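Below: the structure, in C-alpha cells.
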Amino acid sequence: MRSLLKRWMSGSQARRQTPARPTFQPRKAYLSLEPLEDRYCPAAPTLSMTAFQDQTGVHVSGVVQDESPATVLINVSGGAMGQVHAQADGTFNAVLAPTGMGNTLFAYAYDNEGLSSDVLNVLYSSTASSLTMNLTWLPNRQVMLTGQLNTPNAAGKSIFFAGQVSGSTTAKADGTYSVVLPISSLGTIVAQFVDDYGQLVQTSVSATNAPPVISEFKVTIAPGGFYTFTGKVSDEAPEDLVVTFGGLNGLQGKTATVQPGGTFSITVELQPGDDGEATVSVADWWSVTSNIATCLIV
Numbered sequence: 004m005r006s007l008l009k010r011w012m013s014g015s016q017a018r019r020q021t022p023a024r025p026t027f028q029p030r031k032a033y034l035s036l037e038p039l040e041d042r043y044c045p046a047a048p049t050l051s052m053t054a055f056q057d058q059t060g061v062h063v064s065g066v067v068q069d070e071s072p073a074t075v076l077i078n079v080s081g082g083a084m085g086q087v088h089a090q091a092d093g094t095f096n097a098v099l100a101p102t103g104m105g106n107t108l109f110a111y112a113y114d115n116e117g118l119s120s121d122v123l124n125v126l127y128s129s130t131a132s133s134l135t136m137n138l139t140w141l142p143n144r145q146v147m148l149t150g151q152l153n154t155p156n157a158a159g160k161s162i163f164f165a166g167q168v169s170g171s172t173t174a175k176a177d178g179t180y181s182v183v184l185p186i187s188s189l190g191t192i193v194a195q196f197v198d199d200y201g202q203l204v205q206t207s208v209s210a211t212n213a214p215p216v217i218s219e220f221k222v223t224i225a226p227g228g229f230y231t232f233t234g235k236v237s238d239e240a241p242e243d244l245v246v247t248f249g250g251l252n253g254l255q256g257k258t259a260t261v262q263p264g265g266t267f268s269i270t271v272e273l274q275p276g277d278d279g280e281a282t283v284s285v286a287d288w289w290s291v292t293s294n295i296a297t298c299l300i301v
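Using my numbering, the letters of the sequence shown map in sequence onto residues 4 to 301.
Given below as C-alpha cells:
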C-alpha cells in the first residue's frame, strides 16, 4: 500500500513540471550591391528661356539641357504659339507670331524619350505700338493723310479716321499708309488703331488754313497790244484755285486757273489808253481771300 502511494505522488509531480522551451537562433541578413556602371537612367530635360516682342513678332531664345539636345522640342503657348527645335548644343531661338493673349509665355521642353521639363512662365516686354500721321492739303477740300504704323505684322491692319474726316485704310507690310479723304471743315483729324492686345493707339493733326498770298505779279508786253500777266499763289492747296483780274477795262471779268506749283498766267489785248493799275486776287477753298496784288500799266 505504501509503495503504491509513493508511485502516485511521483507521477503527479512529473505532470506539474513545465516542459523545456526550444532555443531559437536569430537569422542573419546579408546586403549585396550590384554595379550600375552599365545601367542607363534617362533624365528629363531642363529649360531656361527669355523673350521680348518687337515689330517682327515675339522673339524667344534659351537653352535646354538633355542627353540629346537636338531631339528636344520646346512647346510655347500664351502670348505667342509654336514649337521650337533645340540645336545640338542645346541653344534655341525663334520669332513667333503673337496671339493677342497677353504678354506671358508658357513653355516646356520634351525629348524623344517622352520626358518633359517643368513648365516655365515667361513674362516678356513688348514694344508699344505707335502711329504717326501727316496731312497734305489737296484741291477741292480734300486731304491726303500719310503716316507710319509701328506694330508687329502691320500688313493689312486697319487704321480709322475721325474728327473732320471719316474713313479708313490699311497699312502696308512696312507699316506705311496713305489715304485721300474729303474734309468737312477745319479742325482736328484723329487716326486710331487697336493693337493685338486691345490697346487703342491714336494720334491727331490739326487742319488749319491761312489766307492765300499772291506774289510776283508782273506784266510782259508783246507787239500788237498784247499783255501777258503772270504771278504766283501761295496756299495750302493752290492748284485749281481761280484768280480774278481787274483794275483795267481789258481785265474786267478775266480769270485764270492756278497751275501746280501755284503759278498763273493770262494774255489779253488792251486797247490804247487802257492803262493804270492792274489788279489780281484769289479766294481759297475755304473762301478766304488773298491780298490784292497790283502792277502798273503805262
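Glycine included, C-beta positions come from ideal geometry on N, C-alpha and C. These numbers were taken from a predicted model, which means no experiment stands behind them.
A distance of 8 Å or more separates the beta carbons of residue 216 and residue 246.
By the criterion of at least three beta-carbon pairs nearer than 8 Å, the region 71–90 is in contact with the region 114–132. Assigned with DSSP and collapsed to three states, residue 254 falls in helix.
Between the beta-carbon of residue 193 and that of residue 164 there is about 7 Å, and that keeps the pair under the 8 Å contact cut.
As for any beta strand (DSSP E) of minimum length 3 sitting wholly inside the region 201–277, the runs are 203–210, 216–225, 229–237, 245–249, 258–260 and 266–272, ordered along the chain. Taken atom to atom, the span from the alpha-carbon of residue 212 to that of residue 252 is near 33 Å.
Within the same chain, and ignoring the five residues on either side of residue 127 in sequence, the residues whose Cβ sits closer than 8 Å to its Cβ are 53, 54, 55, 56, 61, 82, 106, 107 and 108. The alpha carbon of residue 184 has as its nearest neighbour, out of 145, 51, 176 and 219, the alpha carbon of 145. Annotation: residue 82 is outside any beta strand (DSSP E) and is labelled neither H nor E by DSSP. Residue 173: member of the beta strand (DSSP E) spanning 170–173, first to last residue.
Assignment of beta-bridge partners to residue 140 by DSSP yields 146. Sequence-distant Cβ neighbours of residue 262 in its own chain, meaning closer than 6 Å and more than five residues away, do not exist here. According to the DSSP secondary-structure assignment, residue 124 is paired through a beta bridge with 109.
Annotation for residue 192: the continuous beta strand (DSSP E) segment containing it runs 190–197.
DSSP lists 299 as the bridge partner or partners of residue 280. In the DSSP annotation of this structure, the continuous segment of the beta strand (DSSP E) that includes residue 50 starts and ends at 49–57. Minimum Cα-Cα distance from residue 257 among the listed residues 98, 182 and 232 corresponds to 232. Boundaries of the beta strand (DSSP E) harbouring residue 68: 60–68, taken from the DSSP string.
Between residue 199 and the set 97, 187 and 103, the nearest pair of CA atoms involves 103. At a Cβ-Cβ threshold of 8 Å, residue 48 and residue 69 count as neighbours.
As the crow flies, the alpha-carbon of residue 92 is around 15 Å from that of residue 112. Here DSSP, grouped into helix, strand and coil, assigns residue 286 to strand. The beta carbon of residue 195 is closer than 6 Å to those of 163 and 205 in its chain, skipping five residues each way along the sequence.
Separation of the CB atoms of residue 228 and residue 272 is rounded to 5 Å, and the pair is thereby assigned contact status at 8 Å.
Taking 8 Å as the cut-off, the beta carbon of residue 90 is found no closer than this to the beta carbon of residue 110.
Around the beta carbon of residue 136, a 10 Å sphere encloses 16 or more other beta carbons of the protein chains shown; the residue is thus reported as buried.
Residue pairing of residue 101 in beta bridges, as defined by DSSP: 83.
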